[in-house]
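Novice:
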Amino acid sequence: MNILTTLVEKTQEAITKLYGLSDSNISFEQTNSKFDGDLTFVVFPYLKYSKKRPEDTAKEIGDYISEKMEEIKSFNVVKGFLNIEFNDDYWLNVLQNRIDLGIQIPEIGMDKKIVVEYSSPNTNKPLHLGHIRNNVLGYSICQIFDAVGYDVVKNNLVNDRGIHICKSMVAYQKWGNSETPESAGLKGDHLIGKYYVMFDQHYQKEVIDLISKGVDKDDAKEKSPLMVETRNMLQKWENGDQEVISLWKKLNGWVYDGFESTYNRLGVSFDKIYYESDTYLLGKEIVKEGLKSNVFFKKEDGSIWIDLTPEGLDEKIVQRSDGTSVYITQDIGTADLKYQEFEMDKFVYVVGNEQDYHFKVLQLILKRLGKSYADGLYHLSYGMVDLPEGKMKSREGTVVDADELMDEVVSTAKKQTEELGKTDGMSPQELAELYEVLGIGALKYYLLKVDAKKRMMYDPKESIDFQGNTAPFIQYTYTRIASLLRAAEKVDFKLPKVFNPVEKDLIKLISNYPNVITSAANNYNPSEVANAVYELAKTFNKFYHELTILGEQDQNTRSFRITLSNMVGETIKHGFNLLGIQVPERM
């Protein structure tokens, strides 16, 4: 039986025997590093039953469970916190199991399917820093779900139609002069993004001109000749105008090629790609059915709505008076399409937190419609990424372009590595590959180490630092281990009878690693993996500097430390794989 399971059972037993209380929600947490102990139990919720001081309650429970479990070496009490410490024999068994079985992760997702939608770009501009956070977060959570046994489908819904796409198309028609990515020397997504910015520049001038002639600001935005032309183009697209469709296919094709290049460099991929141009009408039939069953209602102007005031929200439109669908209509239809295709147990949307309300509404609508899969919807809501210079705006051309950012971090990685003298004996090709691994890894890790829910500031220079909580620090730790293993012969050893404290710290972190993966999956939070790997790398460096490894005279101790180093390296590599980050073998 798992030690934690036994510990929970004995603690439940203690609380029942001591206080007459049955509690099935007993839980332990890792002991704070400031105190002695391996696991901690918080007794404050039980004081009203014990009717004793926190310290006395904790001591009573500690006395009971330590008497029942021979694995417990000792316990200590800090106010209402009961800190349990296991004996060395327990940790020896943990270590032996890891040596024999490797990394064993509980398969909590076995026989369950999960569809994760991420990226979801618009085809009127290149990917930017915000998209990078979306993509690395989506890909990493898929890796984590896969590790805990889910059947995972990585899904992308490309927003390839609508008024924004028509803005780029109108601008290209007017000022493109048959320019192509080849003739311009630009990736296709960058070329189309240029015309999106160009459209806005001319549009703003038209609005200002109309306002100067006495037109109301809101009317000026609607009556701008460019905006009128754009709306007309969208109408032609929806009516199947061949000339417009041909232009749309050509420009979108360039953008798709550009996206694919960025995805490949970023190391993300998809199992299924949907296109809005194929799915935007899907929800209309469901709306029609919902109208018949009184889930929706029609207003006097012919528009169709749902009343969500009983759930504390408001009324939400699902179809305009002219019969056209709104964005949520498409999401209703696409959700149904996904379920028909995959019959998933869960479907996750990786979308920024500005869409929190949208996904609350979507789930409520699906529930009202009686969709069996509605409870499986989860919005992995993440915070925006800020820069020292301020917020990003695509239409003004002030975004941090994803491709340029990747170039910058790789260039910075090259400079930092050369300054630290970590390039001896490597060929130019090996060095180029190393800089790419370090730079892209630094970017991804910096975005993933922060809890997804939090808004964050991205600092490119800090992300490349070889010290601190960064990918290069962890990658360098891995190469240090790889170098050590290359210098060591194959080892056999007997488990030691006594651990050095830092050796025990490493074993504890390695043994807890599978629990971290399970927690990260349950919490939809890759930052738990990132920070666990950092703690392991940091502790290994302490171990490396405090103790002798290859130079250790006692053969058994030397072999033990080499094996322990190998397990640390395996765990770092496994964790970085879940984050979508490579580790170099040499540096």
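Here this note's numbering = 1-based position in the sequence shown + 6.
Built from N, CA and C at the ideal position, the CB exists for glycine as well.
#1: Since residue 92 sits in a beta bridge, which residues does DSSP pair it with?
#2: From residue 378 to residue 338, what does the alpha carbon distance come to, in whole angstroms?
#3: Please report the residue range of the beta strand (DSSP E) in which residue 358 lies.
#4: To the nearest angstrom, report how far apart residue 399 and residue 138 are at their CA atoms.
#5: Quick one: what does DSSP say residue 392 is sitting in, helix, strand or coil?
#6: If you follow the beta strand (DSSP E) that residue 313 is part of, which residue opens it and which one closes it?
#7: Could you say which of 252, 367 and 216 lies nearest to residue 333 if we only look at CA atoms?
#8: Reducing DSSP to helix, strand and coil, say where residue 17 ends up.
#9: Starting from the Cα of residue 423, find the closest Cα among 463, 470 and 446 and give me that residue.
#10: Can you check the region 114-162 for any alpha helix (DSSP H) of at least 4 residues that lies completely inside it and give the ranges in chain order?
#11: Please confirm whether residue 310 and residue 297 have their CB atoms less than 8 Å apart.
#12: Scan the region 415-497 and note each continuous alpha helix (DSSP H) run of 4 residues or more that stays entirely inside, going in chain order.
#13: For residue 48, which of 86, 77, 37 and 27 has the nearest alpha-carbon?
#14: Applying the criterion that 16 or more other CB atoms from any shown protein chain within 10 Å of the CB defines a buried residue, is residue 134 buried or exposed?
#15: Whole angstroms are fine: how far does the CA of residue 141 sit from the CA of residue 455?
#16: State the Cα-Cα distance for the pair residue 397 and residue 436, rounded to the nearest angstrom.
#17: Judging by CA-CA distance, which residue of 421, 585, 28 and 76 is the nearest neighbour of residue 91?
#18: Would you mind stating whether residue 61 and residue 46 have Cβ atoms separated by less than 8 Å?
#19: Can you tell me which of the three DSSP states residue 400 falls into?
#20: Whole angstroms are fine: how far does the CA of residue 452 sit from the CA of residue 463?
#21: Taking the alpha carbon of residue 97 as the point to measure from, which residue in 78, 533, 119 and 109 has its own alpha carbon closest?
#22: Report the rounded CA-to-CA distance for residue 519 versus residue 126, giving the unit in angstroms.
#23: Would you call residue 402 buried or exposed, if buried means 16 or more other Cβ atoms sit within 10 Å of its Cβ?
#24: Helix or strand or just coil, what does DSSP make of residue 386?
#25: Within the continuous beta strand (DSSP E) that includes residue 280, where are the two ends?
#26: Is the shortest distance between the beta-carbon of residue 286 and the beta-carbons of chain B less than 8 Å?
#27: Cβ of residue 104 within 8 Å of Cβ of residue 573?
#28: Tell me which same chain residues have a C-beta within less than 7 Å of the C-beta of residue 146, skipping the five on either side of it?
#29: Given a cut-off of 8 Å, decide if residue 500 and residue 351 are closer than it, judged by their beta-carbon atoms.
#30: Does DSSP put residue 35 in a helix, a strand or coil?
#31: Measure the C-alpha to C-alpha separation of residue 157 and residue 215 and round it to an integer number of angstroms.
Specialist: For this structure:
#1: As a working note, residue 92 is residue 86 in the sequence shown. DSSP, once it has assigned bridges, lists 78 as partnering residue 92.
#2: Position 372 of the sequence shown, counted from the first residue, corresponds to residue 378. Position 332 of the sequence shown, counted from the first residue, corresponds to residue 338. Each residue's alpha carbon lies about 13 Å from the other.
#3: For the purposes of this step, residue 358 is identified with residue 352 of the sequence shown, where counting begins at 1. From DSSP, the beta strand (DSSP E) with residue 358 extends over 352-358.
#4: As a first step, residue 399 must be located in the sequence shown, where it is residue number 393. As a first step, residue 138 must be located in the sequence shown, where it is residue number 132. Model confidence at residue 399 stands at a pLDDT of 45, short of 50, so the residue's coordinates are unreliable and nothing is read from them.
#5: Counting from one through the sequence shown, the residue named residue 392 turns up at place 386. Residue 392 falls in the strand class under three-state DSSP.
#6: If you number the sequence shown from 1, residue 313 lands on position 307. If you look at residue 313, you'll find it in the beta strand (DSSP E) that goes 310-313.
#7: Your numbering for residue 333 matches position 327 in the sequence shown. Comparing Cα-Cα distances from residue 333 to each of 252, 367 and 216, the minimum goes to 367.
#8: Residue mapping note: residue 17 aligns to position 11 of the sequence shown, counting from 1. The answer is helix: DSSP assigns residue 17 an H, G or I state.
#9: For this step, residue 423 is matched to residue 417 along the sequence shown. Across the set 463, 470 and 446, the C-alpha of 470 shows the shortest separation from the C-alpha of residue 423.
#10: Entirely contained in the region 114-162, the alpha helix (DSSP H) runs reaching 4 residues are, in chain order, 135-153.
#11: Position 304 of the sequence shown holds residue 310. Position 291 of the sequence shown holds residue 297. Yes, Cβ-Cβ distance for residue 310 and residue 297 is below 8 Å.
#12: Taking 4 residues as the shortest admissible run, the region 415-497 contains the following complete alpha helix (DSSP H) segments, listed from N- to C-terminal end: 434-454, 466-469 and 477-493.
#13: Sequence index remark: in the sequence shown, residue 48 carries index 42 (1-based). In terms of CA proximity to residue 48, 86 leads the group 86, 77, 37 and 27.
#14: Here residue 134 refers to the residue found at position 128 when the sequence shown is read from its first residue. Per the 10 Å Cβ criterion, buried.
#15: Taking the sequence shown and counting its residues from 1, the one referred to as residue 455 is at position 449. Taking the sequence shown and counting its residues from 1, the one referred to as residue 141 is at position 135. If you take the alpha carbons of residue 455 and residue 141, they lie about 14 Å apart.
#16: Here residue 397 refers to the residue found at position 391 of the sequence shown. Here residue 436 refers to the residue found at position 430 of the sequence shown. Model confidence at residue 397 stands at a pLDDT of 45, short of 50, so the residue's coordinates are unreliable and nothing is read from them.
#17: One-based indexing of the sequence shown puts residue 91 at position 85. Among 421, 585, 28 and 76, the Cα nearest to that of residue 91 is on 76.
#18: The count along the sequence shown starts at 1 and reaches residue 61 at position 55. The count along the sequence shown starts at 1 and reaches residue 46 at position 40. For residue 61 and residue 46, no; Cβs fall outside 8 Å.
#19: The residue labelled residue 400 in the question sits at position 394 within the sequence shown. Note that residue 400 scores a pLDDT of 40, beneath 50, so its modelled location is shaky and nothing firm can be said.
#20: Taking the sequence shown and counting its residues from 1, one reaches residue 463 at position 457. Taking the sequence shown and counting its residues from 1, one reaches residue 452 at position 446. Approximately 10 Å between the Cα atoms of the pair.
#21: As a working mapping, residue 97 is identified with position 91 in the sequence shown. For residue 97, the closest alpha carbon among the candidates 78, 533, 119 and 109 is that of 78.
#22: Reading the sequence shown from its first residue, position 513 is the one you call residue 519. Reading the sequence shown from its first residue, position 120 is the one you call residue 126. Taking the CA atoms as reference points, residue 519 sits about 32 Å from residue 126.
#23: The residue labelled residue 402 in the question sits at position 396 within the sequence shown. Legend: pLDDT at residue 402 = 45, less than 50; position of this residue unreliable, value from coordinates given subsequently. Looking at its Cβ environment, which holds fewer than 16 other Cβ atoms inside 10 Å, residue 402 is exposed.
#24: The count along the sequence shown starts at 1 and reaches residue 386 at position 380. Shown here, residue 386 sits in a strand according to DSSP, grouped into three states.
#25: Taking the first residue of the sequence shown as 1, we reach residue 280 at position 274. Residue 280 -> beta strand (DSSP E) spans 278-281.
#26: Going by chain labels, chain B is absent from the structure shown, which holds only one protein chain.
#27: Here residue 104 refers to the residue found at position 98 of the sequence shown. Here residue 573 refers to the residue found at position 567 of the sequence shown. In this structure, the beta-carbon distance from residue 104 to residue 573 falls below 8 Å.
#28: The count along the sequence shown starts at 1 and reaches residue 146 at position 140. So the qualifying residues of the chain are 454, 532, 584, 585 and 586.
#29: Residue mapping note: residue 351 aligns to position 345 of the sequence shown, counting from 1. Residue mapping note: residue 500 aligns to position 494 of the sequence shown, counting from 1. In this structure, residue 500 does not lie closer than 8 Å to residue 351 by Cβ.
#30: Counted from its first residue, the sequence shown places residue 35 at position 29. Of the three classes helix, strand and coil, the one that applies to residue 35 here is strand, per DSSP.
#31: Locating residue 157 in the sequence shown gives position 151, where the first residue counts as 1. Locating residue 215 in the sequence shown gives position 209, where the first residue counts as 1. The alpha-carbon atoms of residue 157 and residue 215 are separated by roughly 56 Å.
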